[in-house]
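Those letters in the sequence shown? Residues 5 to 210, by this note's numbering.
Glycine is no exception: its CB is placed at the ideal position from the N, C-alpha and C atoms.
Since the model is a prediction, treat every value here as computed from it, not as a measurement.
Worksheet for the structure shown next.
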Amino acid sequence: MATEGVLKYLQSTNRPYSANDIVQNMHKEFGKAVVQKALDDLVSQGRICEKPYGKQKIYCVKQPDDDGSGDSQLKDLESQTVTVTENYRNIEQQVKEAESTLRELLAAPTTLEAKEQLAELESKTETLQAKLNKLSQNTVLVSHEERDRIKAEHEKLNKEYKKRKRVCLDVINAIMEGYPKSKKLLMEEVGIETDEDVKMPPIQSS
Numbered sequence: 005m006a007t008e009g010v011l012k013y014l015q016s017t018n019r020p021y022s023a024n025d026i027v028q029n030m031h032k033e034f035g036k037a038v039v040q041k042a043l044d045d046l047v048s049q050g051r052i053c054e055k056p057y058g059k060q061k062i063y064c065v066k067q068p069d070d071d072g073s074g075d076s077q078l079k080d081l082e083s084q085t086v087t088v089t090e091n092y093r094n095i096e097q098q099v100k101e102a103e104s105t106l107r108e109l110l111a112a113p114t115t116l117e118a119k120e121q122l123a124e125l126e127s128k129t130e131t132l133q134a135k136l137n138k139l140s141q142n143t144v145l146v147s148h149e150e151r152d153r154i155k156a157e158h159e160k161l162n163k164e165y166k167k168r169k170r171v172c173l174d175v176i177n178a179i180m181e182g183y184p185k186s187k188k189l190l191m192e193e194v195g196i197e198t199d200e201d202v203k204m205p206p207i208q209s210s
């Protein structure tokens, strides 16, 4: 009989549960409606305690010579549940906001374009510098204006890339606070490639 089965389960565990918890913990031996009716019957018979919590109720078997400890357990559980729920919701909201920001950053084509242009300018600057080192100081391979233009553009892209990279890493670190796996797996799942992955030359300091 469902009523006795539910009572027996509550007595054996001696812990507070909701109707859904009991259905799941009893491996769906009885349906939710049957379990709920059994709980209502047990409450009306005075064999278990009932404590409303939000949209659901928590049930606990009455102790022998009940001195109110069952109610105390329910109150403690309620307080703990409220705290845990609030913390979970706060973290969940932070993760959602961080994931949204990360998606926006990943969707922006300018980030990839800046990375490619920076790598190209790094390579070009290294080539020009090597040629300049080999030639006499009196030999002008590139005009001062051209060199200044390239240097200014390189520094601009360098700063922009560093800024975007820092923002991206901040977002990833924020997500990692609530992410159960490693940072490497997270970056693989969202499709982020590191400088090493794309064999990008080291960024020179300005």
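Give the DSSP-derived three-state secondary structure of residue 186 in the structure shown.
Indexing the sequence shown from 1 puts residue 186 at position 182. Of the three classes helix, strand and coil, the one that applies to residue 186 here is coil, per DSSP.
On the DSSP bridge assignment, give the partners of residue 54 in chain order.
Here residue 54 is taken as the residue at index 50 of the sequence shown, counted from 1. Paired residues: 63.
Closest to residue 199 by CA distance: which of 170, 182, 178 is it?
As a working mapping, residue 199 is identified with position 195 in the sequence shown. Out of 170, 182, 178, 170 has the C-alpha closest to the C-alpha of residue 199.
Take residue 126 as the anchor and find which of 158, 101, 153 has the nearest alpha-carbon.
Here residue 126 refers to the residue found at position 122 of the sequence shown. Minimum Cα distance to residue 126 is reached at 158.
On the DSSP bridge list, what partners appear for residue 22?
As a first step, residue 22 must be located in the sequence shown, where it is residue number 18. Beta-bridge pairing links residue 22 to 62.
According to DSSP, is residue 49 helix, strand or coil?
Residue 49 sits at position 45 when you count from the first residue of the sequence shown. Looking at residue 49 - three-state DSSP - the assignment turns out to be coil, as it is neither helix nor strand.
For residue 39 versus residue 10, is the C-beta spacing smaller than 8 Å?
As a first step, residue 39 must be located in the sequence shown, where it is residue number 35. As a first step, residue 10 must be located in the sequence shown, where it is residue number 6. Yes; because the gap between Cβ atoms is below 8 Å, this pair is in contact.
Cα-Cα separation between residue 156 and residue 150, rounded to whole angstroms:
Indexing the sequence shown from 1 puts residue 156 at position 152. Indexing the sequence shown from 1 puts residue 150 at position 146. So the two alpha carbons sit approximately 10 Å from each other.
Output needed for residue 54: all residues of its chain with C-beta closer than 8 Å, excluding positions within five of it in sequence on either side, in chain order.
One-based indexing of the sequence shown puts residue 54 at position 50. Only 43, 47, 61, 62, 63 meet the Cβ criterion.
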